[in-house]
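Residue numbers (our numbering): 100 to 171. Read through the structure below, which is laid out as structure tokens, and then see the notes.
Pasting the structure below:
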């Protein structure tokens with residue numbers, strides 16, 4: 100893996116659905132504070148939505164040789 104991340108969308112949505120279920124609800128909206136910031140998880144009868152900030156945390160360049168090696 101890549102190690103710890105500042106935000107895990109899958110884990111955040113799973114925790115939010117568990118919190119709603121604990122409250123006896125199937126739909127609703129929750130604000131969740133995670134190391135990457137505060138996000139909003141919304142559940143409808145059909146789907147879930149995760150909204151929150153996005154921030155560039157790294158920048159880099161890959162050599163042409165690396166790209167070429169990926170297509171061998």
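By construction, the Cβ of each residue, glycine as well, lies at the ideal position given by its N, Cα and C atoms.
**alpha helix (DSSP H) segment containing residue 160, residue limits** = Note, residue 160: premise wrong, no alpha helix (DSSP H); not H, not E.
**Item:** Secondary structure, beta strand (DSSP E): runs of 3+ residues fully inside the region 106-148
**Value:** Listed in chain order, they are 127-133, 136-142.
**Message:** Give me, in chain order, the residues of the same chain whose beta-carbon lies closer than 8 angstroms to that of residue 134; leave out the 5 immediate sequence neighbours on both sides.
**Reply:** 105, 106
**Request:** Using beta-carbon positions only, say whether residue 140 and residue 120 come within less than 8 angstroms of one another.
**Result:** no
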